[in-house]
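**Q**
Pasting the structure below:
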């Protein structure tokens, strides 16, 4: 397991190499630390499910709105609603196109949660990787999300390949979540 500062110039290259090889990274977002893997890889997704001790839908990060739009299925008016919310601390759940991510992380009605975090290095990593990267809180199912890199390493050091260290984050409830439903955005959290 490697630990790199969020400011390390080798960070993006190493993170993408780990993701390409079905590895698990931990990275900071604007709310919590997240587990990241290649969202198209069944092997990598199984690793996260095993670590978290659960399975089911998992959201992804997109590097920008143009990419997010290419992943989802929606009308022009629906996209206008989505793009207004899709930034920073917000996740939007919408119908996803075929083959964007592995089917094991797709939610009901063929939906996917998408987020564009306000962390420039994470966005740069997502751009360079060129595939969706999972974003799910660093914790075991039913336990609080972890925000301190030292505690994350203590708990998950044997399960992860890289932690991108931005120091302890402020306590957070995670991202706000909206779901596109019948042409409107519903508040989930």
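Residue numbers (my numbering): 3 to 191.
Glycine is no exception: its CB is placed at the ideal position from the N, C-alpha and C atoms.
Being a predicted model, the structure only gives us computed values, none of them experimental.
Reducing DSSP to helix, strand and coil, say where residue 61 ends up.
**A** By 1-based counting over the chain shown, the position of residue 61 is 59. Here residue 61 sits in strand by DSSP.
**Q** Return the chain-ordered list of same chain residues with a C-beta closer than 6 Å to the C-beta of residue 64, the five sequence neighbours on each side being excluded.
**A** Locating residue 64 in the chain shown gives position 62, counting from the first residue. Around residue 64: 70, 116, 118.
**Q** Is residue 11 buried or exposed, if buried means 16 or more other CB atoms sit within 10 Å of its CB?
**A** For this step, residue 11 is matched to residue 9 along the chain shown. Exposed: under 16 other Cβ atoms inside 10 Å.
**Q** Check for me: the beta strand (DSSP E) holding residue 96 runs from which residue to which?
**A** The residue you call residue 96 lines up with position 94 of the chain shown. Where residue 96 is concerned, the enclosing beta strand (DSSP E) stretches over 92-97.
**Q** Output needed for residue 128: all residues of its chain with C-beta closer than 7 Å, excluding positions within five of it in sequence on either side, in chain order.
**A** Taking the chain shown and counting its residues from 1, one reaches residue 128 at position 126. Cβ neighbours of residue 128 beyond the five flanking positions: 63, 64, 65, 135.
**Q** Could you tell me whether the stretch 171-181 touches the stretch 28-35, where touching means 3 or more Cβ pairs closer than 8 Å?
**A** Contact holds: three or more Cβ-Cβ distances are below 8 Å.
**Q** Taking the Cβ atom as the reference point for each residue, do residue 83 and residue 98 lie within a distance shorter than 8 Å?
**A** The count along the chain shown starts at 1 and reaches residue 83 at position 81. The count along the chain shown starts at 1 and reaches residue 98 at position 96. Result no, Cβ atoms of residue 83 and residue 98 do not sit closer than 8 Å.
**Q** Check the C-beta distance from residue 37 over to residue 53 and give it rounded, since I have them as a contact under 8 Å.
**A** Translated into the one-based positions of the chain shown, residue 37 becomes position 35. Translated into the one-based positions of the chain shown, residue 53 becomes position 51. Right, their Cβ atoms sit about 7 Å apart.
**Q** Three-state secondary structure (DSSP) at residue 28?
**A** As a first step, residue 28 must be located in the chain shown, where it is residue number 26. Strand at residue 28.
**Q** At which residues does the alpha helix (DSSP H) containing residue 67 begin and terminate?
**A** The sequence position of residue 67 within the chain shown is 65, counting from 1. First-last of the alpha helix (DSSP H) with residue 67: 67-73.
**Q** When DSSP builds the beta bridges, which residues end up paired with residue 149?
**A** In the chain shown, the residue the question calls residue 149 occupies position 147. Looking at the DSSP assignment, residue 149 forms no beta bridge with any residue, so it has no partner.
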